[in-house]
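Enquirer:
Numbering (the working numbering), first residue to last: 56 to 320.
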């Protein structure tokens with residue numbers, strides 16, 4: 056059977072109870088429901104409208120930057136089979152040549168309460184005003200400045216620029232803790248490489264090299280293939296070089312829920 060690129064309405068959506076915060080799956084066509092934990096009634100339509108208002112379009116600067124990079128190509132990784140391809144930065148969607156899966160390439164900017172899942176090979180920006188909960192964000196690259204609780208899967212660069220606790224878990228090709236950040240990672244994070252420019256407390260499983268630059272401070276437990284601490288950088292904690300745990304997998308806390316295809320917001 057031939058694969059179709061036509062976006063389809065998801066059969067199930069994630070709905071968070073506004074009374075107790077419990078997350079449950081509901082029909083995409085449901086207008087309201089009862090919480091399976093506290094029993095309270097709530098409107099799904101109002102939740103979706105509130106989340107839709109949290110998704111902002113690209114700013115003028117984003118549009119201008121994109122205009123300058125029209126001729127550039129980007130690496131795209133299929134979430135289904137892991138195969139890679141190169142596409143123009145102007146392309147908004149495609150199909151995997153290997154397994155035929157639909158691949159969304161749009162960019163998302165979240166600037167308010169948000170509780171749904173996103174799967175795109177574009178960039179996801181979680182602004183300082185965002186409050187993302189009970190979500191699975193799978194993306195090509197990410198910038199996190201606001202609150203996030205869930206699972207962040209990034210096939211490229213995950214940049215964090217914030218103060219306080221980071222309640223989510225991360226699996227990324229590269230993690231970058233920006234300057235002036237002060238982050239306490241509550242859950243272990245799994246990365247191919249990491250670069251620390253601000254202050255962080257974390258349990259890091261790193262397949263490759265971890266770098267603490269001048270002014271960077273890292274406290275916690277690190278399993279890595281290699282570590283570089285520049286003059287002016289500080290590491291405090293347990294360090295394991297070449298240990299097996301460095302290649303361990305971090306489970307997706309949203310499993311066994313599996314999503315495929317295209318989701319509209």
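Where is the CB? At the ideal position from N, CA and C, for every residue including glycine.
Everything numeric in this text was worked out from a predicted model, so none of it was measured.
#1: Among 217, 228 and 224, which one has its Cα closest to the Cα of residue 237?
#2: Taking only heavy atoms of the ligand FMN into account, decide whether any of them is closer than 7 angstroms to the Cβ of residue 287.
#3: Taking just the CA atoms, how far does residue 268 sit from residue 223?
#4: In chain order, what residues of the same chain have a beta carbon less than 7 angstroms from the beta carbon of residue 276, not counting five sequence neighbours either side?
#5: Closer than 8 angstroms by C-beta to residue 138: which residues in its own chain qualify, once you throw out the five before and the five after it? Chain order, please.
#6: Would you list the one or two residues that DSSP bridges to residue 373?
#7: Can you tell me which of the three DSSP states residue 73 falls into?
#8: In chain order, what residues of the same chain have a beta carbon less than 6 angstroms from the beta carbon of residue 256, not counting five sequence neighbours either side?
#9: Which first and last residues belong to the beta strand (DSSP E) in which residue 264 is found?
#10: Rounded to whole angstroms, what's the CA-CA distance from residue 94 to residue 174? Just pull it up for me.
#11: Any contact between the region 190 to 205 and the region 162 to 179? By contact I mean 3 or more CB pairs, one from each, below 8 angstroms.
#12: Starting from residue 241, trace the beta strand (DSSP E) in both directions and tell me its first and last residue.
#13: Any idea what DSSP makes of residue 194, helix, strand or coil?
#14: Use the C-beta contact count for residue 232: other C-beta atoms within 10 angstroms, 16 or more gives buried, fewer gives exposed.
#15: From which residue to which residue does the beta strand (DSSP E) around residue 293 run?
#16: Taking the continuous beta strand (DSSP E) assigned at residue 129, which residues delimit it?
#17: Pick from 188, 70, 90 and 172: whose alpha carbon is nearest that of residue 82?
#18: Return the first residue and the last residue of the beta strand (DSSP E) that residue 212 is part of.
#19: Below 8 angstroms on the Cβ atoms is my guess for residue 184 versus residue 201; work out the distance and round it to an integer in Å.
#20: Any idea if residue 221 is buried or exposed, counting beta-carbon neighbours within 10 angstroms, 16 or more meaning buried?
#21: Distance, Cα to Cα, residue 135 vs residue 241?
#22: Considering residue 280, what are the terminal residues of the beta strand (DSSP E) in which it resides?
#23: Could you pull the DSSP bridge partners for residue 188 from this structure?
#24: Can you tell me the Cα-Cα spacing of residue 161 and residue 192, whole angstroms?
#25: Within its chain, find whatever has a CB closer than 6 angstroms to the CB of residue 250; leave out the 5 residues flanking it on each side and keep chain order.
#26: For residue 214, count neighbouring Cβ atoms within 10 angstroms of its own Cβ and tell me buried if that reaches 16, exposed if not.
#27: With a threshold of 16 other CB atoms inside 10 Å of the CB of residue 227, please say whether the residue is buried or exposed.
#28: Identify the residues that DSSP records as bridge partners of residue 248: which are they?
Expert: Once the coordinates are examined:
#1: Across the set 217, 228 and 224, the C-alpha of 217 shows the shortest separation from the C-alpha of residue 237.
#2: As for the ligand FMN, it is missing from this structure, which has no ligand bound.
#3: If you draw a straight line from the Cα of residue 223 to the Cα of residue 268, it is about 24 angstroms long.
#4: So the qualifying residues of the chain are 258, 292 and 293.
#5: For residue 138, where only same-chain residues beyond five positions count, the Cβ hits under 8 angstroms are 132, 151, 152, 153 and 154.
#6: Past the edges of the chain, shown from 56 to 320, lies residue 373, and the structure says nothing about it.
#7: In the structure shown, residue 73 sits in coil (DSSP, three-state: anything other than H, G, I, E or B).
#8: Answer for residue 256: 239, 274 and 275, listed in chain order.
#9: Residues 264 to 267.
#10: The alpha-carbon separation between residue 94 and residue 174 amounts to approximately 30 angstroms.
#11: For the pair of segments examined, the region 190 to 205 was found to touch the region 162 to 179: the number of CB pairs separated by less than 8 angstroms reaches three.
#12: Where residue 241 is concerned, there is no enclosing beta strand (DSSP E), given that its DSSP letter is neither H nor E.
#13: Strand.
#14: If you draw a 10 Å sphere on the C-beta of residue 232, you find 16 or more other C-beta atoms in it, and that means buried.
#15: Residues 289 to 296.
#16: In this chain, the beta strand (DSSP E) harbouring residue 129 covers 128 to 132.
#17: Of 188, 70, 90 and 172, the residue nearest in Cα terms is 70.
#18: Start and end: 202 to 215.
#19: Residue 184 to residue 201, Cβ: 6 angstroms. Contact.
#20: With a threshold of 16 other beta carbon atoms within 10 Å, residue 221 meets it and is buried.
#21: Whole-angstrom Cα-Cα distance: 28 angstroms.
#22: The continuous stretches of beta strand (DSSP E) do not include residue 280, and DSSP gives it neither H nor E.
#23: Per DSSP, 204.
#24: The alpha-carbon atoms of residue 161 and residue 192 are separated by roughly 13 angstroms.
#25: Beyond the five residues adjoining it in sequence on each side, residue 250 comes within less than 6 angstroms, by CB distance, of 231 and 266 in the same chain, given in chain order.
#26: Residue 214 comes out buried.
#27: Classification of residue 227: buried, given that the 10 Å Cβ count is 16 or more.
#28: Its beta-bridge partners are 229.
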